[in-house]
Every structure is written in structure tokens, then in C-alpha cells.
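**Student:** Dropping a structure here in C-alpha cells format, bear with me for questions.
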Amino acid sequence: MAEFWRRIWILYRKDLLEEFRSMDHLWSTVVFGTMLVFVFSFAVQLADVSTRQVFPAVLWVSIFFLSVVALQRSFAKEKESAVMDALLLACGERSLLFYGKFLFSFTLLLLLEAVVVPLFWIFLDVDGAGVNLGLFAAAVLAGSWGLAAVGTLLNGITSQLPSARLLFPILAFPLLIPLLIGVVLCTQGALAGQGRSTMGWLYLVFVFDLLFTILPLVLFDYILEG
Amino acid sequence: MKHALRNPLCWGLTLLVLINMYVIVYYAPVEKTMGLVQKVFYFHVASAWVGLLALTVVFGASLSYLWKRTSRSNHLALASAEIGTVFISCTLLTGPLWAYPIWNTWWTWDPRLTTTLVLWFMYAAYIALQGGGASEVRRRLAAVYGIICFVNVPLVFFSARWWRSIHPVVISSQGMALEPPMRAAMFFSVGVFSLLYIYLLQLRLKALDLEERVQRLKAELFV
């Protein structure tokens with residue numbers, strides 16, 4: 001068991017190192033994120049609606065788009081430099097590769113959100129009084145977990161097909177609907193200062209996360225074979 | 227055309243569809259408050275049923291493909307997904323026709339409506355992933371996706387239902403206590419639509435098999 005975690009850790013560190021060495025992809029993704037904030041906030045201002053009411057929807061739609069850009073690359077790197085077989089040989093088990101990549105995607109999403117969420121908060125002029133910050137943080141964490149899991153699973157699928165860039169969001173969004181409902185309502189509850197009455201939605205997101213963290217254990221072998 | 231004339235299933239189905247029309251129009255009584263527009267219900271429910279049935283077949287065939295790797299099970303999954311998309315589209319089109327006069331809106335986020343729409347998107351994504359089922363890789367990946375979709379459906383339904391039952395439900399489908407002749411008409415319609423699905427599935431399966439055979443023969447000839 002310790003060996004299992006150690007290998008995942010090595011894979012995870014490899015991806016992080018690689019990402020921070022070049023920085024160019026991370027940088028463009030951060031820029032894209034800030035632009036999303038700008039475009040959405042601007043449009044909402046023009047439409048003259050209550051910013052606090054649209055905050056959960058706008059925030060999560062942006063994070064969804066951002067994750068499409070950010071998570072597309074998790075397997076593409078290996079494909080581009082044609083080292084997929086070497087990587088599979090090195091890590092021994094395919095599901096292990098999934099968990100390594102998943103942790104990396106999760107970290108990447110959290111990093112991006114650390115930039116995007118405060119910016120949205122400021123640009124949409126959300127009033128901080130009476131907000132249940134713990135619930136909000138839990139919604140962001142659990143939501144990113146689910147996004148990273150589904151993203152990594154589907155990236156394993158699309159990275160094997162030539163010119164399948166467009167396929168990734170098409171495959172991902174229908175699956176992510178329960179997560180979207182859960183996190184948006186959770187964020188809304190957190191903004192209204194609710195506690196226990198919105199916990200149910202957090203549990204829904206947990207169930208979703210659990211499902212898509214365990215499912216790859218069975219299915220990932222089939223995705224990466226051959 | 228020759229095939230259609232020779233196939234008894236085709237003849238039988240033509241007759242059954244005509245009888246079904248008769249049953250819907252004349253046998254089932256006109257609903258007191260909704261009037262004639264309620265007749266769309268018999269098409270709506272039957273095609274929704276076939277849409278779900280087709281997804282279950284996609285799931286089963288995908289499992290079988292990952293297990294045995296026969297091109298037959300891949301063809302079955304693809305054909306079922308294609309036909310399922312057609313029926314789900316019928317459901318999505320007939321629904322608003324009824325909803326506009328009755329609910330006074332074309333669309334509402336009722337759990338059943340939401341789930342049906344997500345179902346349509348999943349089918350569309352599945353077909354895009356198959357890309358005609360041309361390569362071994364695509365077949366395998368589509369099988370995995372077909373399984374994930376099926377597992378995800380209950381989660382979509384319950385999240386949508388829960389969301390709508392926490393908030394006050396303004397517009398809902400009333401608990402339908404159907405009159406016996408209406409119920410009979412509905413079940414008859416569901417039966418006929420299921421047979422139609424099986425017939426179409428058989429046709430499409432044959433076409434896919436033939437297509438593959440043509441490809442193989444071409445490859446043998448022109449190498």
C-alpha cells in the first residue's frame with residue numbers, strides 16, 4: 001500500500017516539476033482565467049442585474065470553461081512527445097497513472113481558482129457580510145475534485161484520438177450536470193449564510209466525487225490499453 | 227425496398243402502427259380539461275420509454291464489447307445509440323407541444339425534462355466519440371464512455387429531482403390517474419414503439435455489418 005502511494009507521489013511530482021519548469025502553459029491559462037473574469041463581470045454590469053444573485057452561476061460556468069482549457073493537457077504532453085508507453089512501463093499499473101494525473105489536475109485547478117475566485121469576488125462586488133466561508137471553501141474544494149476526476153478520466157479518452165480537442169467538453173459537460181447543480185446551490189447557500197440546510201448539496205457533490213474517483217479504478221485499464 | 231416488401235416484420239409493423247393511430251385517435255377518450263392536445267401523450271411516453279430502453283441496450287452492448295471485443299456488440303451499441311437519439315428527440319419535441327397550452331410554458335426544469343435533455347446530450351457525445359465506429363480505438367473508448375453515461379443517469383435524475391423538491395414546485399406534472407381505456411392505449415403505444423425500435427435496430431445493424439464487410443473486401447482487393 002505504501003508503495004502504491006509512493007508511486008503516485010513520484011508521478012505527481014514529475015508533472016508538477018514539468019509544469020513549473022516551462023510555465024508557459026500555466027501562464028496562458030491564468031491569463032485566460034482573468035479574462036473570463038473580466039468578460040463576465042463586464043457583461044453582468046452592462047445587463048444591470050444583482051451581482052450577488054448571479055455570482056454562483058457566473059463563477060462556476062467560468063471554472064468549467066477554465067477547467068476545459070487547463071485539464072486538456074494532462075495526457076497530451078506524453079502523447080506529443082510519444083513517451084506514453086515508457087510512462088506506462090515505468091509506473092506499472094494504469095490506474096496508478098490516473099491517480100497521479102488526477103492529483104496534478106486537482107492542484108492545477110486549485111491554483112487557478114486561487115487567482116480567479118478572489119478576482120470574481122472583487123469585480124462582482126460581493127458583500128462579505130454573513131457569508132458562510134467554510135461552506136464556500138468546501139464547495140470550491142469538492143467541486144474542483146470532481147472536475148479534476150472527470151477531466152482526467154475523459155482526457156485519457158480524448159488524448160488517444162487525433163484532432164479530438166472539441167470532443168473533450170462535449171464528453172465532459174453532460175456528465176458534470178449533477179456536479180454543477182450541487183456546487184451552484186452550495187455556493188448560493190454559502191452566500192446567503194446558510195449552514196445545515198445546504199449541507200445536502202455538499203453531500204451530493206461528495207457522492208459524485210466518490211463515484212468518479214472509484215470508477216477509474218475499474219475503467220482506466222480499458223481506456224489506456226493498446 | 228425489396229427487403230421491406232419481403233420482411234413480415236415490416237408488414238406487421240405497418241399494420242400495427244396504423245392500428246396504434248386508430249387506438250390513439252378513436253379508442254382513447256378525449257381528456258376532459260386538456261382536450262385533444264393530450265393525445266400527444268401517447269407518442270411522448272412511448273418514445274421516452276424507447277429512449278431509455280436504447281440507453282440500457284448501449285450499456286449492455288458496451289459491457290459485452292469490453293468483454294468479448296466482437297464488432298457485432300459495437301454495432302449493436304452504435305445502432306441503439308443512433309435510434310435512441312431519434313426517439314429522445316421525438317420526446318423533446320412532443321413535450322413542449324403539450325406543455326405550452328397546459329403549463330403555459332415551452333420548457334421547465336422539471337427533473338424528467340432535465341434528465342431527458344442530458345440524455346440527449348450524452349447520446350450526441352457518444353455518437354461523436356464513435357465517429358462511425360471506424361477504428362478499434364474509438365470503439366473501445368466509446369464503450370467505456372457508454373458505461374460511464376449509464377452509471378451517471380441516476381445521479382442526474384436525483385440531483386434534478388432533489389433540487390426541484392426543495393424549492394416550491396410551481397409547475398408539475400400532476401399524479402396521473404389514467405382512465406382504463408387511456409392506460410390501455412398507452413401500453414399499446416409503448417408496445418408498438420418498442421417493436422418499431424427493434425425493427426429499426428435490426429435494419430441499422432444489418433447496414434453496419436454490410437458496411438464493415440464492404441470495407442474489408444475493399445481492403446483485400448486493393449492491397
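Here the protein sequences line up with chains A and B, keeping their order. In terms of this note's numbering, the first sequence is residues 1 to 226. In terms of this note's numbering, the second sequence is residues 227 to 449. Even for Gly, the Cβ is constructed at its ideal location relative to N, Cα and C.
Pro-174 of chain A versus chain B: which residues are under 7 Å apart at the beta carbon?
**Tutor:** On the first sequence, position 174 is the one that residue 174 of chain A refers to. Simply Val-344, Phe-347, Met-348 and Ala-351.
**Student:** When burial is assigned at 16 or more other CB atoms within 10 Å of the CB, is Leu-11 of chain A buried or exposed?
**Tutor:** Locating residue 11 of chain A in the first sequence gives position 11, counting from the first residue. Leu-11 of chain A is buried by the Cβ-count criterion.
**Student:** Among residues of its own chain, excluding the 5 on either side of Val-396 of chain B, which ones have a beta-carbon nearer than 6 Å to its beta-carbon?
**Tutor:** Along the second sequence, read from residue 1 onward, the residue named residue 396 of chain B stands at position 170. Since pLDDT at Val-396 of chain B reaches only 41, below the 50 mark, its modelled position is unreliable, and the value read off the structure follows with that caveat. Contacts found: none.
**Student:** Which residues of the stretch 8-37 of chain A have a Cβ closer than 8 Å to any Cβ of chain B? Give them in chain order.
**Tutor:** Correct list: empty, as no residue qualifies.
**Student:** Of all the beta strand (DSSP E) runs that stay within the bounds of the stretch 312-373 of chain B, which reach a length of 3 or more residues?
**Tutor:** For the stretch 312-373 of chain B, not a single whole beta strand (DSSP E) run of length 3 or above is found.
**Student:** Can you name, in chain order, every residue of its own chain whose Cβ lies under 8 Å from the Cβ of Val-243 of chain B, other than the five neighbours on each side?
**Tutor:** The residue you call residue 243 of chain B lines up with position 17 of the second sequence. Val-418 and Leu-422, listed in sequence order.
**Student:** Across the stretch 357-370 of chain B and the stretch 197-213 of chain A, are there enough close Cβ pairs to call them in contact, namely three or more that are closer than 8 Å?
**Tutor:** These segments do not touch.
**Student:** What residues in the stretch 319-333 of chain B bring their beta carbon closer than 8 Å to a beta carbon of chain A?
**Tutor:** So nothing in the stretch comes that close.
**Student:** So what's Gly-417 of chain B in DSSP terms, helix, strand or just coil?
**Tutor:** Counting from 1 along the second sequence, the entry for residue 417 of chain B is found at position 191. DSSP places Gly-417 of chain B in helix when its eight states are reduced to three.
**Student:** Going by Cα to Cα distance, which pick from A:Ser-74, A:Arg-94, A:Ala-129 and A:Pro-178 is closest to Lys-101 of chain A?
**Tutor:** To locate residue 101 of chain A, count along the first sequence from 1; it is residue 101. Residue A:Ser-74 is the option with its Cα nearest to Lys-101 of chain A.
**Student:** In the structure shown, what three-state DSSP assignment does Gly-130 of chain A receive?
**Tutor:** Here residue 130 of chain A refers to the residue found at position 130 when the first sequence is read from its first residue. Coil at Gly-130 of chain A, not helix or strand.
**Student:** Taking the alpha helix (DSSP H) that Pro-56 of chain A falls in, what are its first and last residues?
**Tutor:** In the first sequence, residue 56 of chain A corresponds to position 56, counting from 1. Counting along the chain, the alpha helix (DSSP H) containing Pro-56 of chain A begins and ends at 51-71.
**Student:** Out of A:Gly-33, A:Ser-159, A:Val-150 and A:Ile-181, which has the shortest C-alpha to C-alpha gap to Ser-81 of chain A?
**Tutor:** Locating residue 81 of chain A in the first sequence gives position 81, counting from the first residue. With distances taken between Cα atoms, Ser-81 of chain A lies closest to A:Ser-159.
**Student:** When the cut-off is 7 Å and only beta carbons count, does Trp-389 of chain B lie next to chain A?
**Tutor:** As a working mapping, residue 389 of chain B is identified with position 163 in the second sequence. Chain A contact via Cβ: present.
**Student:** Does Gln-160 of chain A have its Cβ less than 7 Å from a Cβ in chain B?
**Tutor:** Locating residue 160 of chain A in the first sequence gives position 160, where the first residue counts as 1. So yes, Gln-160 of chain A belongs to the interface.
**Student:** Output, in sequence order along the chain, the residues in the stretch 86-112 of chain A whose CB is closer than 8 Å to any CB in chain B.
**Tutor:** Those would be none; no residue qualifies.
**Student:** Can you pull the chain B neighbours of Gly-193 of chain A, defined as C-beta to C-beta under 7 Å?
**Tutor:** Locating residue 193 of chain A in the first sequence gives position 193, where the first residue counts as 1. Correct list: empty, because the minimum Cβ distance to chain B is about 17 Å.
**Student:** Taking only beta carbons into account, state which residues of the stretch 197-225 of chain A come closer than 8 Å to chain B, listed in chain order.
**Tutor:** Under the 8 Å Cβ criterion, the stretch 197-225 of chain A contributes Gly-200, Leu-204, Val-207, Phe-208, Leu-211, Leu-215, Leu-219, Tyr-222, Ile-223 and Glu-225.
**Student:** Counting only C-beta atoms, is Ser-385 of chain B closer than 7 Å to chain A at any point?
**Tutor:** As a first step, residue 385 of chain B is located in the second sequence; it is residue number 159 there, counting from the start. With 7 Å as the cut-off, Ser-385 of chain B counts as an interface residue toward chain A.
**Student:** Between the beta-carbon of Ala-351 of chain B and the beta-carbon of Tyr-291 of chain B, is there less than 7 Å?
**Tutor:** Against the second sequence, residue 351 of chain B aligns to sequence position 125. Against the second sequence, residue 291 of chain B aligns to sequence position 65. Taking 7 Å as the Cβ cut-off, Ala-351 of chain B and Tyr-291 of chain B do not qualify as a contacting pair.
**Student:** Got a sec: is the Cβ-Cβ distance from Ala-354 of chain B to anything in chain A below 7 Å?
**Tutor:** By 1-based counting over the second sequence, the position of residue 354 of chain B is 128. By this cut-off, Ala-354 of chain B is an interface position.
**Student:** For the stretch 366-381 of chain B, which residues have a CB atom closer than 8 Å to at least one CB atom of chain A, in sequence order?
**Tutor:** Within the stretch 366-381 of chain B, the residues whose Cβ lies closer than 8 Å to some Cβ of chain A are Arg-366, Leu-367, Ala-369, Val-370, Tyr-371, Ile-373, Ile-374, Cys-375, Val-377, Asn-378 and Leu-381, listed in chain order.
**Student:** Look at the alpha carbon of Leu-180 of chain A and the alpha carbon of Phe-42 of chain A, and state the distance between them as a whole number of angstroms.
**Tutor:** Numbered from 1 along the first sequence, position 180 holds the residue referred to as residue 180 of chain A. Numbered from 1 along the first sequence, position 42 holds the residue referred to as residue 42 of chain A. Approximately 23 Å, taken between the alpha carbons.
**Student:** For a contact meaning CB atoms closer than 7 Å, what does Leu-292 of chain B contact in chain A?
**Tutor:** Translated into positions along the second sequence, residue 292 of chain B becomes position 66. Near Leu-292 of chain B (Cβ distances below 7 Å), the residues of chain A are Tyr-222.
**Student:** Taking 7 Å as the CB-CB limit, is Ile-181 of chain A close to chain B?
**Tutor:** As a working mapping, residue 181 of chain A is identified with position 181 in the first sequence. Chain B contact via Cβ: present.
**Student:** Between which two residues does the alpha helix (DSSP H) carrying Gly-200 of chain A extend?
**Tutor:** Counting from 1 along the first sequence, the entry for residue 200 of chain A is found at position 200. Unbroken alpha helix (DSSP H) run through Gly-200 of chain A: 196-224.
**Student:** Would you list the one or two residues that DSSP bridges to Glu-257 of chain B?
**Tutor:** The residue given as residue 257 of chain B occupies position 31 in the second sequence. In DSSP, Glu-257 of chain B forms a bridge with B:Gly-261.
**Student:** Residues of chain B with a CB under 8 Å from the CB of Ile-157 of chain A: which are they?
**Tutor:** The sequence position of residue 157 of chain A within the first sequence is 157, counting from 1. Per Cβ cutoff of 8 Å: Leu-355, Leu-367, Val-370 and Tyr-371.
**Student:** Taking 8 Å as the threshold, find out whether the stretch 125-138 of chain A comes into contact with the stretch 161-177 of chain A through three or more Cβ pairs.
**Tutor:** Flag = no, the stretch 125-138 of chain A and the stretch 161-177 of chain A do not touch.
**Student:** Quick one: list the residues of chain B neighbouring Ile-177 of chain A, beta-carbon separation under 7 Å, in chain order.
**Tutor:** In the first sequence, the residue the question calls residue 177 of chain A occupies position 177. Those are Val-344 and Val-382, listed as they occur along chain B.
**Student:** Are any of the Cβ atoms in chain B nearer than 7 Å to that of Ile-63 of chain A?
**Tutor:** Sequence index remark: in the first sequence, residue 63 of chain A carries index 63 (1-based). Output row for Ile-63 of chain A: interface = no.
**Student:** For Phe-75 of chain A, which of helix, strand or coil comes out of DSSP?
**Tutor:** For the purposes of this step, residue 75 of chain A is identified with residue 75 of the first sequence, where counting begins at 1. Of the three classes helix, strand and coil, the one that applies to Phe-75 of chain A here is coil, per DSSP.
**Student:** For Leu-239 of chain B and Leu-426 of chain B, I'd like the C-alpha separation in whole angstroms.
**Tutor:** In the second sequence, counting from the first residue as 1, residue 239 of chain B sits at position 13. In the second sequence, counting from the first residue as 1, residue 426 of chain B sits at position 200. If I take the Cα positions, the gap works out to 11 Å.
**Student:** Do we get a CB-CB distance below 7 Å when we pair Leu-147 of chain A with the residues of chain B?
**Tutor:** In the first sequence, the residue the question calls residue 147 of chain A occupies position 147. No, its Cβ sits nowhere closer than 7 Å to a Cβ of chain B.
**Student:** Measure the alpha-carbon distance for Asp-209 of chain A versus Pro-174 of chain A and round it to whole angstroms.
**Tutor:** Along the first sequence, one-based indexing puts residue 209 of chain A at 209. Along the first sequence, one-based indexing puts residue 174 of chain A at 174. Cα-Cα distance, rounded: 15 Å.
**Student:** Mind reading off the beta-carbon distance from Tyr-371 of chain B to Leu-103 of chain A? Whole number of angstroms is fine, and I expect it under 8 Å.
**Tutor:** Within the second sequence, residue 371 of chain B is the residue found at index 145, counting from 1. Within the first sequence, residue 103 of chain A is the residue found at index 103, counting from 1. That pair is no contact at about 23 Å.
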